[in-house]
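full-length UniProt numbering puts the first residue of the sequence shown at 75, with every later residue one more than the last.
Glycine included, C-beta positions come from ideal geometry on N, C-alpha and C.
First the structure, in the form of structure tokens, and then the observations on it.
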Amino acid sequence: AATPEKHEFKAETKKLLHIVAHSLYSQREVFVRELISNSSDALEKLRHLQATSQDVSAENPLEISITVDADKKTITFCDSGIGMSAEELKENLGTIARSGSKAYIEKMKDSDDTKDMANTIVGQFGVGFYSAFMVGDKIAVYTRSALPGSEGYCWESDGLGSYTLQRTDNVDVGTKIVISVKSDASEFLDKSKLESIIKKYSNFVGFPISVNGEKVNTVDALWTKDKSSISDEDHTNFYRFVSHAWDEPAYHLVYKADGPLSIRSILYVPTKNPEALGFDRIKPGVSLYSRKVLIMPNAENLLPEWLRFIQGVVDSEDLPLNLSRELLQNGPIIMRLKSIITSRIIKWLQEESRKDPAKYKEFFKTFGIFIKEGVCQDTSNQAEIAKLLRFETSANDAAELISLNEYIDAMPSDQEHVYYFCTPSRQFGLESPYYEPFKKHGTNVLFLHHALDEFVMGRLSVFEGKRLISIDSKDVAQVLKKWNEADQAESASDTSAAPLTTEQANELTAWMLPVFGMHVKEVKVSERFMSYPAIVTDFDSPSVRRMMKMMAGDSK
Ligand code: ADP
Ligand code: MG
75 AATPEKHEFK
85 AETKKLLHIV
95 AHSLYSQREV
105 FVRELISNSS
115 DALEKLRHLQ
125 ATSQDVSAEN
135 PLEISITVDA
145 DKKTITFCDS
155 GIGMSAEELK
165 ENLGTIARSG
175 SKAYIEKMKD
185 SDDTKDMANT
195 IVGQFGVGFY
205 SAFMVGDKIA
215 VYTRSALPGS
225 EGYCWESDGL
235 GSYTLQRTDN
245 VDVGTKIVIS
255 VKSDASEFLD
265 KSKLESIIKK
275 YSNFVGFPIS
285 VNGEKVNTVD
295 ALWTKDKSSI
305 SDEDHTNFYR
315 FVSHAWDEPA
325 YHLVYKADGP
335 LSIRSILYVP
345 TKNPEALGFD
355 RIKPGVSLYS
365 RKVLIMPNAE
375 NLLPEWLRFI
385 QGVVDSEDLP
395 LNLSRELLQN
405 GPIIMRLKSI
415 ITSRIIKWLQ
425 EESRKDPAKY
435 KEFFKTFGIF
445 IKEGVCQDTS
455 NQAEIAKLLR
465 FETSANDAAE
475 LISLNEYIDA
485 MPSDQEHVYY
495 FCTPSRQFGL
505 ESPYYEPFKK
515 HGTNVLFLHH
525 ALDEFVMGRL
535 SVFEGKRLIS
545 IDSKDVAQVL
555 KKWNEADQAE
565 SASDTSAAPL
575 TTEQANELTA
585 WMLPVFGMHV
595 KEVKVSERFM
605 SYPAIVTDFD
615 SPSVRRMMKM
625 MAGDSK
């Protein structure tokens, strides 16, 4: 064998390793899940390659064997997967693969609270391969790529500042990771302890896992099972397995269909939204299988962009195994799958909102931003997605959210439109002169506070035949006029409130216009004012005005 080459870890990796070394004892068992999940990924890749290319032969059975040696104080994870070349070893084990962890470390680079960072990073993003250093003070990785002409390599590190890389003979295709267990982590040298951790986190891995020769897991593809035989605990574990996340699934859906396409699937809504924490855009979370063989992890085109928070598995035996990338992205079967599954997800969320409105409200607070994105982008499903929206209203407490259907159902028979108001805050909305006539007339108004809401409402514009109208737009003139006429008829006897005659009004506005000069396009006697003597309204629609301001670089 050649002499070992020494390489320094990148600065961010050193920081991560330092954090990992300070993780809580109670978190350390996750290294088992991380290493098994890497082996499972490597086996899936090899199985797919075997199904699609002649160059890769199937020599060894696809499996994960774990060996514990209490005397030597080592745990060995061995898989017959795709393996790694020297370049891949350097690239994959020398840098941080997980964008979430990386972004978090970047963000926290000036923090000294290592314990706290360790909690967050291990709990929220997982540390992948590096978790082996939570229990090991030396890690050796022996690997050989399954691609023709490959050579074996040994990667070794004590997890401090550097690692060595060495070409090595007699390495089987796949990857073998030998952990020299730290003296304070000897509990993991116990075979039954290890088995119980594997059962807890990795029971659904689609390859046999053995510890010292005895098989541990069930190797059942959960999505082929009967829905009633899947427990909540199964769902939590499977969700965590597919999503690489640590939260609980908020909702799960076991969906099967036999026509027009054969579909076996399990889908999850997470509890947490990683994008809200300021990290990268979520990658698509649903993987595509055909007859239990993974054909595309995190399939890009399986779901529309706005559903990128959904996690899970879709298996369709109508998909040929060796589908080209182009066909996987735009082929007719994918398009049909996409349309069927998207409709099913929308229906699923509608069902969940009816089953438990309080729980759905929490979902909407976390993932509502994606629903709004869907309303804007997914035009073919817009009407159904809009049913998933929830709104604060002037009539209810701020905390109570209602749907557009509920708003319409509660409308008095003479109300024609849905009224909404985009304001920075509820207080601001309630005190606004735009809202005053609606308040006086007892008309419910949807209050929206997010910067994008105005755009969303503009894109939707109509719901179940009702127009959505902003109360600060000129579209409300008609209803204000109607209300004013009614009011005037009522107070006709009250001489102190006599309105201006048309002549008086014309005289007043003719005098005012030049006073405002360039700033004003038109001065009219309004039907709108009540306790306010005058009000400025938009000539263009408010969203057009705000867009123009944004384009001009004005933030407010
Ligand atoms: P992630 O799994 O999220 O990509 P990890 O830190 O767990 O991050 O692993 C980093 C990379 O190292 C993997 O993406 C993979 O390319 C490679 N790798 C890790 N373990 C194995 C393995 N057993 N076989 C082949 N490649 C592996
Ligand atoms: Mg991993």
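Between Ala560 and the set Pro511, His318 and Glu538, the nearest pair of CA atoms involves Pro511. The beta carbon of Asn134 sits closer than 6 Å to those of Ser154, all from its chain and outside the five residues before and after it, given in chain order. For the pair Ile272 and Lys366, the Cα-to-Cα distance works out to about 21 Å. When beta bridges are read from the DSSP output, Asp143 appears opposite Thr148. As the crow flies, the alpha-carbon of Asp488 is around 54 Å from that of Met370.
Out of Cys450, Glu480, Thr453 and Gln451, the CA that lies nearest to the CA of Arg464 is found in Glu480.
For the pair Ser260 and Ser139, the CB atoms are not nearer than the 7 Å cut-off. Within its own chain, the residues whose Cβ lies closer than 8 Å to the Cβ of Leu91, once the five positions on either side in sequence are excluded, are Phe83, Tyr204, Phe207, Gly233 and Leu234, listed in chain order.
Annotation for Ile476: Arg464, Phe465, Thr467 and Asn470 place their beta carbon closer than 7 Å to its own, counting only its chain and skipping 5 residues before and after. DSSP assignment within the region 472-548 yields the following whole alpha helix (DSSP H) runs of 4 residues or more, N-terminal first: 478-483, 500-505, 510-514 and 527-534. Runs of the alpha helix (DSSP H) spanning 4 or more residues and lying entirely within the region 88-171 occur at 104-126 and 160-168, in chain order. With a cutoff of 7 Å on beta-carbon distance, Ile415 and Asp392 are scored as not near each other.
Ligand 2 never approaches Ser139 closely enough for any of its heavy atoms to be under 6 Å from the residue's Cβ. Collapsing the DSSP output to three states places Glu436 in a helix.
Counting of Cβ neighbours within 10 angstroms places Pro498 among the exposed residues, the total staying below 16. A Cβ closer than 6 Å to some heavy atom of ligand 2 marks a residue here, and those residues are Glu108, Ser111, Asn112 and Gly202.
It is roughly 6 Å from the alpha-carbon of Thr217 to the alpha-carbon of Lys250. Under DSSP, Pro282 shares a beta bridge with no residue. Within the region 404-456, the complete alpha helix (DSSP H) segments of 4 residues or longer fall at 406-429 and 431-451, listed in chain order. By the Cβ rule, the region 372-389 counts as touching the region 329-347, because three or more pairs are nearer than 8 Å.
In the three-state scheme derived from DSSP, where H, G and I count as helix and E and B as strand, Asp294 is classed as coil.
Listed in chain order, the beta strand (DSSP E) elements of length 3 or more contained wholly in the region 350-407 are 359-364, 367-370 and 385-389. Within the DSSP bridge table, the entry for Gly210 names Val255 as partners. Asn404 and Pro222 have their C-alpha atoms spaced approximately 31 Å apart.
Per DSSP, Trp229 is one residue of the beta strand (DSSP E) stretching across Gly226 to Ser231. The alpha-carbon of Phe537 is positioned some 8 Å away from that of Leu478. Here the distance from the Cβ of Thr249 to the nearest heavy atom of ligand 1 is below 6 Å. Between the beta-carbon of Gln124 and that of Ala132 there is about 5 Å, and that keeps the pair under the 8 Å contact cut.
Among the bridge pairs identified by DSSP, Gln240 is matched with Cys228.
Taking C-beta atoms as the reference points, Val387 and Trp297 count as a pair closer than 7 Å. When C-beta atoms of the region 274-283 are compared with those of the region 295-311, three or more pairs fall below 8 Å, so the two segments count as touching. With respect to Phe529, Arg500 sits apart: the two C-beta atoms are not nearer than 7 Å. With a cutoff of 7 Å on beta-carbon distance, Asp211 and Ser270 are scored as not near each other. Remark: three or more beta-carbon pairs, one from each stretch, lie closer than 8 Å, so the region 105-122 and the region 154-172 are flagged as touching. With respect to Leu239, Glu79 sits close: the two C-beta atoms are nearer than 7 Å. Across the structure, Lys513 and Leu402 are spaced so that their CA atoms are roughly 54 Å apart.
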